[in-house]
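K.L.:
Its first residue numbered 104, the first sequence is counted upward by one per residue in our numbering. A virtual CB, placed ideally from N, CA and C, is assigned to each residue, including glycine. Supplied in structure tokens, the structure appears directly below.
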Amino acid sequence: MLEAQFVPKEAESSIYEFWLKNELFKADPDSTAPTYTIVFPPPNVTGVLHMGHALTCTLEDILVRRKRMQGFNTLWLPGTDHAGIATQMVVERNLMKDEKKSRHDLGREKFLEKVWEWKERSQETIISQMKKMGGSFDWSRLAFTLDENVSLAVRECFFRLYQEGLIYRDQAIIQWCPRCHTALSDLEVKFKETPGKFWHIKYRLKGEPSKYLVVATTRPETLLGDTAVAIHPEDERFTEFHGKEVMVPLVGRAVPVILDSYVDMQFGTGALKITPGHDPNDYVVGKKHNLPIINLMDENAVLNKEAGLYQGLDRQKARAKILQDLDQQELLVKEEDHSHNVGHCDRCGTIVEPRVSAQWFVKAEELAKDAIRAVETKEIRIVPEEWEKTYFEWMRNIRPWCISRQLWWGHRIPVWYCNDCGETHVAIHAPTQCQKCKSKNLKQDEDVLDTWFSSGLWPISTLGWPADSTDLKAFYPTSVLETGFDILFFWVARMIMLGMKMTGKIPFHTVYLHPMVRDEHGQKMSKTKGNVVDPLEISDRLGTDALRFFLSWNAFHGRDMRVSDEGVENCKFFVNKIWNASRFVLMHFEDVKKSNVDLSNEVNQWIWSRLNHIKGEVNRSLEQYRFFEAAQAIYHFIWSEYCDWFIEFIKSKEELEARKAAKESTAVEVLEEVLRLLHPFMPFVTEKLWQEMPIRDQQKISVCIASYPQEDSKRVFPKAEERLALVIRLIEQVRTTRGLHQLSPATEISLSVSSLAGESLLKDLIPFKELIKKLAKLKEIEFIHQEHGKQTHLSIVMRDLKLFIPKADLGDLTKELERKRKELQEKTDALRRADEKLRNERFMNSAPQNVRDGVVKQKMELKREVEALQQYLDDLG
RNA sequence: GGGUGCUUAGCUCAGUUGGUUAGAGCGCCUCGCUUACACCGAGGAGGUCGCAGGUUCGACCCCUGCAGCACCCACCA
């Protein structure tokens with residue numbers, strides 16, 4: 104006998120322990136079974152898991168658990184990511200808070216020790232949270248992006264790409280974060296619409312100070328680094344400046360006026376100052392015209408000695424001072440409001456500064472070619488498919504990927520420079536001496552790699568690449584990559600590019616992109632808004648099963664999903680429903696014989712048939728990653744069919760006794776099977792209940808490895824489905840009609856039943872007479888069968904009314920009358936429309952047979968219904 | 001500026017090659033503490049499928065235009 108309630112908090116941890124103890128999640132590289140592999144997107148070791156991780160855990164676990172039950176050799180590989188810049192920031196912030204020290208106070212070594220300590224703690228938390236979510240991970244393969252073998256893979260990859268000329272070092276303008284003191288890739292810069300000003304500034308013609316060009320800029324402080332002013336060659340307003348030089352204000356430097364069609368004549372004043380050192384577009388123009396590059400700022404974006412008088416001021420202060428000075432010298436023509444997009448550091452929100460420096464780059468456009476083709480040929484499928492367009496759009500316009508970061512936490516770039524002769528050595532292992540001058544005085548590049556570089560190798564590095572390991576042979580290419588669409592470019596695209604380049608094979612055949620998690624109002628969750636819903640708190644309070652079911656139920660193919668407490672609570676009710684249904688079944692059928700199913704019984708036929716359809720639906724939906732559809736199908740089956748009808752059917756005293764006496768097992772067997780069907784969604788409660796099932800596969804120690812239900816054509820009984828559907832309709836009709844007829848001593852219900860042949864109708868229903876009587880709560884029931892030509896009418900006479908004479912008043916009655924009249928009107932109209940349709944020649948000629956038949960059938964039914972309604976209203980009125 | 005989606009019941013969303021009367025969950029209203037479950041049961045109300053045209057015997061679905069919303073990429077100084 105089960106306890107009255109399922110208490111998730113108490114049950115979950117011991118169930119998880121049971122799974123671990125029996126090593127149910129361990130993949131076997133030597134197995135001959137087909138493999139199914141998912142590599143878990145490694146969470147950053149920055150802190151705790153959020154709802155997005157919970158969603159990932161849930162959806163991937165559903166896929167993995169189902170495949171495992173289907174007999175696949177299943178590997179779900181867990182891991183965590185060092186997350187370079189993000190983690191370094193967190194640790195730096197804590198260091199400042201706790202010890203009032205910067206990382207420079209500690210030095211590189213000591214600081215990294217701190218980060219490792221942090222990583223250990225954070226990873227431990229994350230692992231316990233992944234377990235709490237019920238994730239069936241193979242913990243023996245737990246990986247971290249700074250593990251030795253992962254590092255080796257990173258160096259190997261770097262080396263190979265360098266050998267092929269796909270990695271190179273170059274002086275270029277990159278986005279620099281003055282707070283994080285590092286270069287960023289284009290993707291790590293987020294542009295935000297920011298209100299600003301447009302300042303119009305005079306640039307006097309050299310030698311003729313009365314003549315001048317007016318340049319408009321949003322960043323006057325950069326004029327200190329101007330090395331030209333550009334105008335459009337065809338701009339007639341400025342022809343007299345062609346070939347001349349103008350004076351940069353405040354600086355007193357003469358710079359050429361250059362002609363370039365890049366300039367938009369309509370925009371601003373038509374004259375553009377060129378600052379190659381601090382603007383990506385100007386940099387391009389500068390290169391083209393061989394202009395000098397002036398770097399005005401240091402790593403903190405504070406003006407350096409190039410800025411002359413303004414040295415030592417930061418960007419904002421310099422701007423204010425410069426504007427003031429310009430105004431004083433009457434060089435400031437006007438200022439106007441101008442809202443424009445300003446780049447911010449994705450991590451810390453600081454306004455980035457374009458800066459020229461030497462960095463390492465990957466020629467992504469080369470790698471992208473194969474990656475594009477893989478998706479074009481559908482070798483890699485992206486689900487939902489709409490994302491393919493976005494993927495192509497980005498991949499076809501991909502630009503060089505800046506991979507060096509001026510951080511301490513990460514993979515050190517595997518490049519060594521000779522301090523004596525300056526030679527560059529790119530190597531997998533640190534060289535002991537310079538190849539050119541044999542000096543032993545070598546120094547490794549100070550920078551580390553972009554964290555996404557190692558992430559891009561994740562599917563292969565965790566499986567042992569570059570070694571030709573057994574895991575790599577067995578589990579690569581992996582099956583599905585499931586993640587949020589926000590890291591499609593950061594991560595997924597790069598895994599495809601690097602994976603294909605390194606192994607010649609795609610890393611996974613399917614990419615499933617799940618929606619973004621929002622709060623109940625559709626707002627992004629954020630700490631500052633205070634609307635963050637913590638998955639662990641919810642799981643603690645309402646149960647992991649409820650949370651997981653909620654997440655899968657809401658994993659629509661849209662772009663976001665909303666999480667609400669209320670929603671999860673409703674799923675908790677569903678858990679409770681299953682629990683109680685099981686309680687009922689176990690209470691009565693604890694000692695049934697296995698496979699003792701009476702298939703001559705139509706109620707049994709019906710529930711088996713229904714279950715069978717659901718099995719098919721769930722499997723089909725999951726194959727298409729339609730988690731919501733699968734979840735809804737099971738929910739509907741359990742609640743609205745198994746509980747509301749099947750259990751209610753068998754609950755009547757006689758029925759129940761008969762079944763118990765015969766040890767009839769349908770009730771248990773259907774339940775046992777549906778528990779297996781549901782297990783991937785709700786692993787805990789289903790395990791607990793499955794263990795209680797008197798009939799189950801005793802060979803299997805856990806439902807985790809019991810077989811996953813598949814559609815079985817032998818368990819389809821269309822006749823029974825049809826008849827039971829009729830019975831259900833009948834009972835529903837009795838229930839609805841009954842309240843109305845309180846005033847007459849006996850009531851007749853007429854039911855249209857065109858779907859079954861008339862003659863057998865009565866015979867079909869007789870076995871259900873008692874059932875109907877009970878479920879419709881009638882004291883007396885009588886069937887009357889009437890033939891009207893080709894049509895069959897079934898009338899039910901109910902006697903006994905006092906039972907249901909409720910408190911309905913006359914107001915309800917008139918309302919009901921009103922409704923019935925409206926219904927009659929609608930039905931009559933529909934009948935007329937059907938009639939017209941059947942007289943429409945074109946319809947009869949071009950509509951398919953089944954549609955025409957449908958209309959005929961509909962017309963007949965409507966006709967009967969109209970007659971019945973007419974009769975009914977006449978009686979009443 | 002370029003791109004991608006979305007607009008269906010009070011809310012969140014399904015609706016798979018155009019085809020009988022457009023669905024679900026929640027919420028709401030009415031009734032019922034019936035021996036698995038009040039974390040329950042029975043019933044009910046609620047939709048001119050964003051707007052305007054077009055194609056078709058027939059359109060939530062296809063085409064055109066418009067409006068509103070969301071997101072991504074670029075960053076014209």
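What is the residue span of the alpha helix (DSSP H) that I609 lies within?
P.N.:
Unbroken run through I609: none, as it is neither H nor E.
K.L.:
If you follow the alpha helix (DSSP H) that F730 is part of, which residue opens it and which one closes it?
P.N.:
F730 to H739
K.L.:
How do the segment 492-506 and the segment 443-459 stand: do at least 3 beta-carbon pairs fall below 8 Å, yes or no?
P.N.:
no
K.L.:
Give me the Cβ distance between P786 and R168, rounded to the nearest whole Å; I'm assuming they're in contact under 8 Å.
P.N.:
Going by Cβ atoms, the distance from P786 to R168 rounds to 7 Å, so yes, they are a contact pair.
K.L.:
In the segment 333-384, which residue ranges form an unbroken beta strand (DSSP E) of at least 3 residues, counting only runs that do not cross its ends?
P.N.:
348-351, 356-362 and 374-377
K.L.:
Who are the near neighbours of F871 in its chain, counting only those whose CB is closer than 6 Å to its CB and skipping five residues on each side?
P.N.:
V830
K.L.:
Considering Cα atoms alone, identify which of S116, E720, T631 and D622 is closest to D815.
P.N.:
E720
K.L.:
Taking the beta strand (DSSP E) that C280 falls in, what are its first and last residues?
P.N.:
I270 to C280
K.L.:
Measure the Cβ-Cβ separation of H447 and K300 and say whether it is below 8 Å.
P.N.:
no
K.L.:
What whole-angstrom Cβ distance do G187 and T581 have, given they're in contact under 8 Å?
P.N.:
Incorrect: roughly 24 Å between the Cβ atoms, too far for contact.
K.L.:
To which residues of the same chain is S858 closer than 6 Å at the C-beta, ignoring the five residues directly before and after it?
P.N.:
Here the model assigns S858 a pLDDT of 35, short of 50, so the residue's position is not dependable, and the following value carries that caveat. Nothing listed; no residue qualifies.
K.L.:
If you follow the beta strand (DSSP E) that W440 is in, where does it begin and where does it stop?
P.N.:
For the sequence presented, residue 440 should be read as Asp rather than Trp. Here the beta strand (DSSP E) through D440 covers L435 to C448.
K.L.:
What are the boundary residues of the beta strand (DSSP E) that P137 is part of?
P.N.:
Neither: P137 is in no beta strand (DSSP E) and is coded neither H nor E.
K.L.:
Helix, strand or coil: how does DSSP classify C521 here?
P.N.:
strand
K.L.:
Quick test of the definition: if touching needs 3 or more C-beta pairs under 8 Å, does the segment 193-204 touch the segment 226-244?
P.N.:
no
K.L.:
Tell me which same chain residues have a C-beta within less than 6 Å of the C-beta of T573, skipping the five on either side of it?
P.N.:
P132
K.L.:
Would you list the residues sitting across from Q547 in a DSSP beta bridge?
P.N.:
Under the DSSP definition of a beta bridge, Q547 partners with W519.
K.L.:
Between the alpha carbons of E106 and A684, how many angstroms are there, rounded?
P.N.:
13 Å
K.L.:
Out of D932, V688 and L552, which one is the CA nearest neighbour of L965?
P.N.:
D932
K.L.:
Taking Cβ to Cβ, would you say A130 is nearer than 8 Å to N176?
P.N.:
yes
K.L.:
Using beta-carbon positions only, say whether A823 and Q708 come within less than 8 Å of one another.
P.N.:
A contact, by the Cβ cut-off of 8 Å.
K.L.:
Looking at the unbroken beta strand (DSSP E) that takes in N176, where does it start and where does it end?
P.N.:
N176 to L180
K.L.:
With burial defined as no fewer than 16 other Cβ atoms inside 10 Å of the residue's Cβ, what is the status of K791: buried or exposed?
P.N.:
That one is buried.
K.L.:
What is the rounded straight-line gap between the Cα of H156 and the Cα of G411?
P.N.:
Each residue's alpha carbon lies about 51 Å from the other.
K.L.:
Between C521 and C537, is the Cβ-Cβ spacing less than 8 Å?
P.N.:
Against a cut-off of 8 Å, the Cβ pair of C537 and C521 comes out as a contact.
K.L.:
Tell me the DSSP secondary structure of V635 in three-state form.
P.N.:
coil
K.L.:
Are there 16 or more other CB atoms within 10 angstroms of the CB of P146, so buried, or fewer, so exposed?
P.N.:
P146 counts as buried, since at least 16 other C-beta atoms from the protein chains shown sit within 10 angstroms of its C-beta.
K.L.:
May I ask you to verify whether the segment 594-613 touches the segment 559-568, counting CB pairs closer than 8 Å and requiring at least 3?
P.N.:
yes
K.L.:
Cα separation between F556 and V257?
P.N.:
8 Å
K.L.:
If you draw a straight line from the alpha carbon of V388 to that of R322, how long is it in whole angstroms?
P.N.:
18 Å
K.L.:
Tell me which residue opens and which closes the alpha helix (DSSP H) that A404 is part of.
P.N.:
A404 -> no alpha helix (DSSP H), and no H or E assigned at all.
K.L.:
Quick one: residues in its chain with C-beta nearer than 8 Å to the C-beta of R818, no 5 flanking neighbours on either side, listed in chain order?
P.N.:
W711, S712, L714 and N715
K.L.:
Just reading off the beta strand (DSSP E) that F464 is part of, what are its end residues?
P.N.:
E456 to V465
K.L.:
Smallest Cα separation from V486: which of L470, T613, E439 and L689?
P.N.:
T613
K.L.:
Taking a contact to mean a Cβ-Cβ separation below 8 Å, would you say S755 touches K627 in this structure?
P.N.:
S755 is not a Cβ neighbour of K627, given a cutoff of 8 Å.
K.L.:
Locate the alpha helix (DSSP H) running through F301, then write down its first and last residues.
P.N.:
Not the alpha helix (DSSP H): F301 falls in the beta strand (DSSP E), residues V292 to L308.
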